[in-house]
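Heads up: the sequence lines are chains A and B, in that order. Under this note's numbering, think of the first position of the first sequence as 1, with each following residue one higher. Under this note's numbering, think of the first position of the second sequence as 1001, with each following residue one higher. These notes concern the structure reproduced below.
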Amino acid sequence: MRRLSLTNVVALGLGLAFLYAPIAILIIYSFNASRLVTVWGGWSLRWYAALAGDRAMIEAALASLGVAAVSAALATMLGTMAAVALTRLRFRGRTPFAAMIYAPLVMPEVITGLSLLLLFVAVSLDRGFLTIIIAHTTLTMCFVTVVVQSRLAGFDRSLEEAAMDLGCPPGRTFFAITLPLIAPAVVAGFLLAFSLSLDDLVVASFTTGPGATTLPIRIYSEVRLGVKPEINAVCTIFIAVVAVAVVAASLIEKGRNGKTA
Amino acid sequence: MMIGSLERPRDPGRALSPGARLVVAAPYLWLAAFFLVPFLIVLKISLSETAIAVPPYTPVLDLAAGLEGVRNFIAGLSFANYVTLAGDNLYIFSYLKSLKVAAIATALLLACGIPLAYAMARAPRRAQPLLVMLVVLPFWTSFLIRVYAWVNILQHDGLLNQALLGLGLTAEPLTWLATDTAVYIGLVYSYLPFMVLPLYASFEKQDETLLEAAADLGCPRWKAFFVVTLPLAARGIAAGALLCFVPIVGEFVVPDLLGGSRSAMIGQTLWTEFFANKDWPVASAVAVVLLALLMAPIALYQHLQTRDLQASGTEGRR
């Protein structure tokens, strides 16, 4: 058993405290009874009750979930295809293709948002949920590709080769052998795309139209005016949902690995 | 070499099967339509002039007018927006400020990320997946929420000032919000997972016997860290630094919510030109210049990614 040196323990402790303290504070203050966000007035659920009556916020949350579900599904399909193309197929134009996959990962969001908006205006596509979905699919599919690609590059190809040597056509080999093996990465890619879409403010602000307000756009317009206890409550619910989903996903994957190992 | 094995190994000139062709074509066409073409449009509009019209720029390419339309269109293009950018200190300061903030934030991220990632890689093997998850978990919660959480802490009567006053470290509340310090705190906080994960991956791969060898030869541990561990992690350091630096240059949310209004970063300038001033051509020119500035670091990042992929591909085949 390896032992951590004191420096390493301190680094871990400080690092994790730095990552979690602000979120913990936000969660605690969402249960604050006082309207003044900085004065502690005892525990209360009043901001959650206020939230239940805030129709605009609820509609924005539902809209965000819808956009995230559709765009993550599309991004998972396209991103997995791109990953297969990059790791398994040889084709002309591979280099520009790879460049288009990696560029959106680091591209500043303001540029992506502006350029997509100008495209939608140029082809006079009305801005709304459809344009946000297209934008989010483009933004998130590259993350799916990176996640799936590392799994495809890492696993033993002799299984695929054996299937094809036995006469299984490539398409069927993919669905019978490859897809089950990379399934955890595909699921992880979907969840990543979903959470990125749910989270995005900048690209959505550029590509949205009248009537299409997502949760981050709504939260941002409130937050600009200062801290409000209702927003702490919205954020806490958001964090709880994400935390439960991530922990559940990792437990599912652990269970699968445990069975197969 | 990576040779496709879903397709049988063959001479590269041969055509792919219809199914394989679809697998390549669908994402390729999607990215061409929604990633590449939009940039060409941005480039074109950056050469246009602002107009009070829908869309608010001129010239508009009129394909219905045939060759005459194309000729009018080309004659209407101008570099006026770029001249505006070069002649106005507002834009130049904005670019310089963004590069400065991104460079300092990346340095701070390295200073925080390296000890954390190293400690993770040195932790007992069984604890490492848990530690990775603990670092990644905040990344899954909203970026906007994590930045907003700091507003709670840094505002005038926020918790940080309350704590400092309570401990008697300061006699009166300090201004944190709307300062560069707040921007750096927010940037380090939101980008830390992007820095830690590539660093952890390269620390974790290292052979520990190298450190033992260094110790046997009389090298103290702290020195071994600098002469053995860090140089071996150079690729991870480069990947983490680029993964943070490039998006931070164009960052909007963090400086907008935590920073002051006195000097804007370029992402904010672009946002203002577009949303407040409705000057689409100037906003496009700002984006084109920003992209030109970031071209070299983006290309470097792609180069590292492709090499990594090829390395892991050959490992998988062994």
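We put the beta carbon where it would ideally sit given N, CA and C, even for glycine.
Asked	Found
Kindly confirm or deny that the segment 1100-1109 of chain B and the segment 1172-1189 of chain B touch, where touching means at least three C-beta pairs closer than 8 Å.	yes
Within 10 angstroms of its Cβ, does K1097 (chain B) collect 16 or more other Cβ (buried), or is it exposed?	buried
As an exercise, report each continuous alpha helix (DSSP H) stretch of at least 4 residues that is fully enclosed by the segment 45-107 of chain A, in chain order.	46-52, 55-88 and 94-106
What would DSSP say about W1176 (chain B), mapped onto helix, strand or coil?	coil
According to DSSP, which residues form a beta bridge with N32 (chain A)?	A:W43
Return the CA-CA distance between L117 (chain A) and I132 (chain A), expressed in angstroms with no decimal places.	10 Å
Alpha carbon to alpha carbon, how far is S71 (chain A) from F1225 (chain B)?	44 Å
Would P1247 (chain B) pass as a contact of Q1268 (chain B) if the rule is Cβ separation under 8 Å?	no
Does any residue of chain B have a CB that is nearer than 8 Å to the CB of A183 (chain A)?	no
Under 7 Å Cβ-Cβ, which residues of chain B neighbour D54 (chain A)?	Per Cβ cutoff of 7 Å: no residues; D54 (chain A) is ~17 Å from chain B at best.
Going by beta carbon distance, what residues of the same chain come within less than 8 Å of V247 (chain A), once the five residues before and after it are set aside?	none
How many whole angstroms separate the CB atoms of T76 (chain A) and A193 (chain A), which I take to be in contact at a CB cut-off of 8 Å?	6 Å
Determine contact between the segment 1017-1027 of chain B and the segment 170-179 of chain A, defined as no fewer than three beta-carbon pairs at a distance below 8 Å.	yes
What residue does the alpha helix (DSSP H) around I1325 (chain B) start on, and which one ends it?	This structure gives no information on residue 1325 (chain B), because the portion of chain B shown stretches from 1001 to 1318.
Indicate the three-state DSSP secondary structure (helix, strand or coil) for E1007 (chain B) in the structure shown.	Reliability fails at E1007 (chain B), whose pLDDT of 47 lies under 50, so the model's placement of it is uncertain and the value that follows must be treated cautiously. In this structure, E1007 (chain B) counts as coil in the three-state DSSP scheme.
Shortest alpha-carbon distance to L1144 (chain B) belongs to which of A:V106, A:R224, A:D156 and A:A245?	A:R224
At 9 Å on the CB atoms, spell out the chain B contacts of S64 (chain A), in chain order.	In chain order: nothing, as chain B lies at least about 10 Å away.
Can you name the start and end residues of the alpha helix (DSSP H) that G1260 (chain B) belongs to?	That residue, G1260 (chain B), is in no alpha helix (DSSP H); it is neither H nor E in DSSP.
Can you say whether A1146 (chain B) is buried or exposed, counting buried as having 16 or more other CB atoms within 10 angstroms of its CB?	Rather than Ala, the amino acid found at residue 1146 (chain B) in this sequence is Arg. Label assigned to R1146 (chain B): buried.
Residues of chain B with CB under 7 Å from M100 (chain A), in chain order?	L1031, F1035 and L1036
Run through DSSP, which three-state label would E1251 (chain B) get?	coil
Against L1187 (chain B), what residues of chain A qualify as contacts under a CB-to-CB distance less than 8 Å, listed in chain order?	Correct list: empty, because the minimum Cβ distance to chain A is about 13 Å.
Quick one: give me the first and last residue of the alpha helix (DSSP H) that K1223 (chain B) is part of.	R1221 to A1224
Alpha carbon to alpha carbon, how far is A1102 (chain B) from V84 (chain A)?	34 Å
Using a 10 Å radius around the Cβ and a threshold of 16 neighbouring Cβ atoms, would you call N1089 (chain B) buried or exposed?	exposed
Given that V246 (chain A) touches chain B, what residues does it touch there, using C-beta distances under 7 Å?	L1137 and W1140
Using CA atoms only, rank isn't needed, just tell me which of B:Q1305, B:T1084, B:L1230 and B:A1238 is closest to E1273 (chain B).	B:T1084
Any beta carbon from chain B within less than 8 Å of A188 (chain A)'s own beta carbon?	no
Determine, using beta carbons only, whether V147 (chain A) and G93 (chain A) come nearer to each other than 8 Å.	no
Count the other CB atoms, across all protein chains shown, that sit within 10 Å of the CB of G1158 (chain B); report buried if there are 16 or more and exposed otherwise.	buried
Considering Q1206 (chain B), what are the terminal residues of the alpha helix (DSSP H) in which it resides?	Taken as a continuous stretch (DSSP letters only), Q1206 (chain B) belongs to no alpha helix (DSSP H), as it is neither H nor E.
If we ignore side chains and look at the alpha-carbon of each, how far apart do V186 (chain A) and I1237 (chain B) end up?	27 Å
To the nearest angstrom, report how far apart F129 (chain A) and L251 (chain A) are at their CA atoms.	33 Å
Kindly indicate if chain B contains any beta-carbon less than 8 Å away from that of P180 (chain A).	no
Flag I133 (chain A) as yes if its beta-carbon sits less than 8 Å from any beta-carbon of chain B, otherwise no.	no
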